[in-house]
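Visitor: Provided herewith is a single structure, encoded as structure tokens, for subsequent inquiry.
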Amino acid sequence: MSVVIEASNLSKRFYLGERNQRAFFEDVAAKAVSAARRLANPGKYRNPNSKRDFWALQEVSFQISQGETFAIIGENGAGKSTLLKVLSRITQPTTGTVKVYGRLASLLEVGTGFHPEFSGRDNIYLNGAMLGLSRQEVRARFDRIVDFSGLEQFIEVPVKNYSSGMYVRLAFSVAAHLNPEIVILDEVLAVGDAIFQKKCFDRIEEIINEGHAAILVSHAMVAIRRMSQMCLWLEHGRVKMLGPTHEVVSAYEKQTTHAVVANYGHAATPDAQVPPPEPVARLSGWFVQSKLASDPHTLVSGQAAVALQFKVEVVRALPSCRASISIADVQGLTLFLHETVMPATEPGHVTLTLDLPFLPLKPGDYILTCSLSDGAHAIAVLRATPELNLQERSGERSTYRGLLNLPANLTVGT
Amino acid sequence: MPTADPIDVYDPPRPAAPLRKPTYVVDAGKLLSSHPRELWNYRGLYTLLVKRDFVAVYKQTVLGPLWFFFQPFLASLVYVVVFGQIARLSTSKLPPLVFYMSGIIVWNFFANCLTQVSYTFLGSGGLFRKIYFPRLIIPLSQISMNLLNFLAQLLVLFIVIAVYRLHGTRIEISPMIFLVPLVLLAMSLLALGLGCLIASATVKYRDLNIVVGYTLQLWMYSSLVIYPRESVPARLQWLLTLNPMASLVEWYRASLFGTERALLGPAIIGVLIILLMGILGLWRFIKSEGTFTDSI
Chain F
2 MSVVIEASNL
12 SKRFYLGERN
22 QRAFFEDVAA
32 KAVSAARRLA
42 NPGKYRNPNS
52 KRDFWALQEV
62 SFQISQGETF
72 AIIGENGAGK
82 STLLKVLSRI
92 TQPTTGTVKV
102 YGRLASLLEV
112 GTGFHPEFSG
122 RDNIYLNGAM
132 LGLSRQEVRA
142 RFDRIVDFSG
152 LEQFIEVPVK
162 NYSSGMYVRL
172 AFSVAAHLNP
182 EIVILDEVLA
192 VGDAIFQKKC
202 FDRIEEIINE
212 GHAAILVSHA
222 MVAIRRMSQM
232 CLWLEHGRVK
242 MLGPTHEVVS
252 AYEKQTTHAV
262 VANYGHAATP
272 DAQVPPPEPV
282 ARLSGWFVQS
292 KLASDPHTLV
302 SGQAAVALQF
312 KVEVVRALPS
322 CRASISIADV
332 QGLTLFLHET
342 VMPATEPGHV
352 TLTLDLPFLP
362 LKPGDYILTC
372 SLSDGAHAIA
382 VLRATPELNL
392 QERSGERSTY
402 RGLLNLPANL
412 TVGT
Chain U
82 MPTADPIDVY
92 DPPRPAAPLR
102 KPTYVVDAGK
112 LLSSHPRELW
122 NYRGLYTLLV
132 KRDFVAVYKQ
142 TVLGPLWFFF
152 QPFLASLVYV
162 VVFGQIARLS
172 TSKLPPLVFY
182 MSGIIVWNFF
192 ANCLTQVSYT
202 FLGSGGLFRK
212 IYFPRLIIPL
222 SQISMNLLNF
232 LAQLLVLFIV
242 IAVYRLHGTR
252 IEISPMIFLV
262 PLVLLAMSLL
272 ALGLGCLIAS
282 ATVKYRDLNI
292 VVGYTLQLWM
302 YSSLVIYPRE
312 SVPARLQWLL
322 TLNPMASLVE
332 WYRASLFGTE
342 RALLGPAIIG
352 VLIILLMGIL
362 GLWRFIKSEG
372 TFTDSI
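Chains as they are written, first to last, in our numbering: chain F, 2 to 415; chain U, 82 to 377.
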């Protein structure tokens, strides 16, 4: 297999601190001093590392082969975004080289070049051109892009009149049809409504299956395990581990789990849970309803009622059975499961709703599964994609630790 | 998968052929991008950006293009009163309105180019942080867009001249008019070079852009826009020689109307300064485009 990205010895230094008058004069002074030293000691003097320097990447090397999905994992601030920026020529590395064979495009950094006064049509051409396509290439893809976005009626309308959902749909549609040789998927997609999101995921899998190389950056280990073969683990800008995904992710999870909480029970590997697909029922979408929901699959943590709604398409007639909805963490440990009796069902659509007074969980990604069983055997296990994302309330200072975020009040008395 | 349509020219998904030569190389030692070949590859984007900005000017305002055409005309009227009637500056055998208006439109062209080019990193920073394309496309497209605007305003000037002719004032259009594009080219290069220089500096020092606005005002008054060379005392002539814009404005008006005799010496010095600025500006720009996202 041929190599599509070859990165060797990448380092990136950032300058921290503000640019103000003092910094300006310090700059000038430092330049003068170093120039003087250079004069006094030609050839030997090198600029010292300033205190404000911060190394976002240090000596990172790896290769990505054609047709491979390559994952990059690590804590926030480990250098994942910086690495992507270096790969896509947004910023220059301080040391090292990257060789890229083929067109590289990011699936999320799109829609930024849209001009509000222009129609959807004009913006498709403009966005395409920014992403490196010729006019002919955009024209060849135009119908598919419009078709995918589902915005046929609005394509001549200036995008300033679009809703934010329509805007993102158009942007994603352009990016999804670029046919780059290497595609970057940064974080799990949260685009549009549940149905469009499903479409996006299918399209991403299609792109990967088409034999393009992909770089996947995510905190959702489930997605990483499912989609990637090779994995790079960054820690403080350095390569902590590089190798087959299952090994790296296991090591990563072990470390983070130890670091965050004690390991409760046996965490089954998520993949082992899911039996081979049976065409009895299909999940056509899921979403969360709450005043805390920021999009169909994202919640902000807080104490308000939450309803998890599953739209299930029953393919074959079902006898009366047990239906359950479960919430598991990304390691696959079931945290909560609620069961009910579902009456005999004809083919068609049913909606299952799990009402909770609030969701007492710490921020993170959670796997939701809707299962149907006859008491002894599973009839259908429907895992919701994407995972539920529970976000930290901005500005909130967390006063708890652990898996649960229960409404609590700690008082001190004498 | 959607079914294939015979007239659909969409290229089918295919695994990329093994490539021997890298599409691009990011190297710490080398500068990013803006190679002439890559600029050429992105010419489609350049055309679209010029079109976008040009059309946007006409879509944004209530009066639309009307305001845009009248602005230099109105400004010229003010100058006619202030400089022509009150200060009584010479306008070298041209009707004051034509003299001021021709100067204002060409100065506006230069000033807008310089302002926009020096704003490249601050204005398009959001875009630059998301998508890669040769950054130089942005200033180049802005200069081209201003050139189109200038041509539109030149048309208005010719209408004014036609009205003068109808009323019996003969204003000759010089046969040297073919030199005007050369003058515009030189102005564009100056705006590009100086603008790129300022743009690179704004990466570190953002407030530099405010200075540009004030400086341009002062610069205009020293660039023969509202008075001809003959009004300048001999002991200050050297200042005009050091100012490339003074020579360029003079050459521009001389090639349009032939009422002034433009000097060759200051023009040659001006061109040398412009070339120096151009090289310096582009060099700084290319150096900054690789690292500017780190500090904004």
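We put the beta carbon where it would ideally sit given N, CA and C, even for glycine.
The structure displayed is predicted, hence computed values, not measured ones.
Which residues share a DSSP beta bridge with Trp234 of chain F?
Guide: Bridge partners of Trp234 of chain F: F:Ile74, F:Met242.
Visitor: Using beta-carbon positions only, say whether Gly362 of chain U and Gly294 of chain U come within less than 8 Å of one another.
Guide: No, they are not a contact pair.
Visitor: Could you check what DSSP says for Thr323 of chain F in three-state terms: helix, strand or coil?
Guide: Just to set this straight, residue 323 of chain F is Arg in the shown sequence, not Thr. Note: Arg323 of chain F maps to strand in three-state DSSP.
Visitor: Please confirm if Phe15 of chain F has its CB atom under 8 Å from at least one CB of chain U.
Guide: Yes, because at least one Cβ of chain U sits closer than 8 Å to the Cβ of Phe15 of chain F.
Visitor: Name, please, each residue of chain U whose Cβ falls closer than 7 Å to the Cβ of Lys100 of chain F.
Guide: What Lys100 of chain F touches in chain U: Pro103, Val106.
Visitor: I need the straight-line Cα distance from Leu266 of chain U to Ile185 of chain F, nearest angstrom please.
Guide: Straight-line Cα distance between these residues: approximately 41 Å.
Visitor: Nearest by alpha-carbon distance to Gly78 of chain F: which of F:Glu138, F:Glu236, F:Lys13, F:Arg170 is it?
Guide: Measuring from the Cα of Gly78 of chain F, the nearest candidate turns out to be F:Glu236.
Visitor: Out of curiosity, what's the CA-to-CA distance linking Glu347 of chain F and Arg323 of chain F?
Guide: Distance between the alpha carbons of Glu347 of chain F and Arg323 of chain F is about 15 Å.
Visitor: Check whether the Cβ atoms of Tyr123 of chain U and Pro262 of chain U lie closer than 8 Å to each other.
Guide: No, these two residues do not count as a Cβ contact at 8 Å.
Visitor: Please state whether DSSP places Asn128 of chain F in a helix, a strand or coil.
Guide: Of the three classes helix, strand and coil, the one that applies to Asn128 of chain F here is helix, per DSSP.
Visitor: What's the call for Arg394 of chain F, buried or exposed, on a 16-neighbour Cβ count within 10 Å?
Guide: So Arg394 of chain F ends up on the exposed side.
Visitor: Take Ser281 of chain U as the anchor and find which of U:Leu235, U:Val198, U:Trp319 has the nearest alpha-carbon.
Guide: The shortest Cα separation from Ser281 of chain U among U:Leu235, U:Val198, U:Trp319 belongs to U:Val198.
Visitor: If Phe378 of chain U sits next to Ala272 of chain U, beta carbons under 8 Å apart, how far is it from one beta carbon to the other, in whole angstroms?
Guide: With chain U represented from 82 up to 377, any question about residue 378 of chain U goes unanswered, as that position is not in the structure.
Visitor: Look at the alpha carbon of Ala214 of chain F and the alpha carbon of Val101 of chain F, and state the distance between them as a whole number of angstroms.
Guide: Answer to the nearest angstrom: the Cα atoms are 11 Å apart.
Visitor: Helix, strand or coil for Ser229 of chain F, going by three-state DSSP, please let me know.
Guide: It is coil, neither helix nor strand.
Visitor: Assign Ser304 of chain U to one of three DSSP states: helix, strand, or coil.
Guide: Ser304 of chain U falls in the coil class under three-state DSSP.
Visitor: Out of U:Val237, U:Leu203, U:Ser303, U:Ala348, point me to the one whose CA is closest to Tyr286 of chain U's CA.
Guide: With distances taken between Cα atoms, Tyr286 of chain U lies closest to U:Leu203.
Visitor: DSSP three-state label for Phe191 of chain U, please.
Guide: The answer is helix: DSSP assigns Phe191 of chain U an H, G or I state.
Visitor: For a contact meaning CB atoms closer than 7 Å, what does Gly125 of chain U contact in chain F?
Guide: Here the neighbours are Ala130, Ser135, Arg136.
Visitor: Return the residue from the list F:Ser3, F:Thr92, F:Leu132, F:Asn406 that minimises the CA-CA distance to Gln67 of chain F.
Guide: Measuring from the Cα of Gln67 of chain F, the nearest candidate turns out to be F:Ser3.
Visitor: Under 7 Å from any heavy atom of the ligand FMN, does the C-beta of Thr246 of chain F make it?
Guide: The ligand FMN is not part of this structure, which contains no ligands at all.
Visitor: How close, in whole Å, do the beta carbons of Ile328 of chain F and Tyr367 of chain F come, if the pair is a contact with beta carbons under 8 Å?
Guide: So it is a contact: roughly 5 Å between Cβ atoms.
Visitor: Classify Lys13 of chain F as helix, strand or coil using the three-state DSSP reduction.
Guide: Reduced to three states, the DSSP call for Lys13 of chain F is strand.
Visitor: With distances taken from CA atoms, which of F:Gly212, F:Ala282, F:Leu357 is nearest Leu383 of chain F?
Guide: Among F:Gly212, F:Ala282, F:Leu357, the Cα nearest to that of Leu383 of chain F is on F:Ala282.
Visitor: Taking the C-alpha atoms as reference points, what is the distance between Arg47 of chain F and Val284 of chain U?
Guide: With a pLDDT of 49 at Arg47 of chain F, under the threshold of 50, the predicted position of this residue should be treated as unreliable, though the coordinate-derived value follows. For Arg47 of chain F and Val284 of chain U, the distance between alpha carbons rounds to 24 Å.
Visitor: How close, in whole Å, do the beta carbons of Met228 of chain F and Ile216 of chain F come, if the pair is a contact with beta carbons under 8 Å?
Guide: Actually they do not touch by this definition, with Cβ atoms about 11 Å apart.
Visitor: Excluding sequence positions up to five away, which residues of its chain have a Cβ less than 6 Å from the Cβ of Trp188 of chain U?
Guide: Closer than 6 Å at Cβ, skipping near neighbours: Met301, Val306.
Visitor: Name the chain F residues whose beta carbon is nearer than 8 Å to that of Thr374 of chain U?
Guide: Chain F residues near Thr374 of chain U: Lys86, Ile91, Thr92.
Visitor: Quickly, what does DSSP pair Met343 of chain F with across the bridge? List them, please.
Guide: F:Cys322, per the DSSP bridge assignment.
Visitor: Among residues of its own chain, excluding the 5 on either side of Pro220 of chain U, which ones have a beta-carbon nearer than 7 Å to its beta-carbon?
Guide: Result list for Pro220 of chain U: Val198, Thr201, Leu273, Gly276, Cys277, in chain order.
Visitor: Chain U partners of Phe63 of chain F, CB-CB under 9 Å?
Guide: Within chain U, no residue comes near Phe63 of chain F; the closest Cβ sits about 14 Å away, beyond 9 Å.
Visitor: Report the neighbours of Tyr126 of chain F on chain U: residues whose CB is nearer than 7 Å to its CB, in chain order.
Guide: By Cβ distance, chain U contributes Leu129.
Visitor: Are the beta-carbon atoms of Ile156 of chain F and Gly121 of chain F separated by less than 8 Å?
Guide: Cβ distance < 8 Å, so Ile156 of chain F and Gly121 of chain F count as in contact.
Visitor: Distance, Cα to Cα, Leu235 of chain U vs Phe151 of chain U?
Guide: Those two C-alpha atoms are separated by around 12 Å.
Visitor: Check each candidate in F:Arg239, F:Asp330, F:Phe149 and name the one with the smallest Cα separation from Arg14 of chain F.
Guide: Nearest C-alpha to Arg14 of chain F: F:Arg239.
Visitor: Where DSSP assigns a beta bridge to Ala106 of chain F, which residues make up the other side?
Guide: Answer by DSSP bridge pairing, in chain order: F:Val184.
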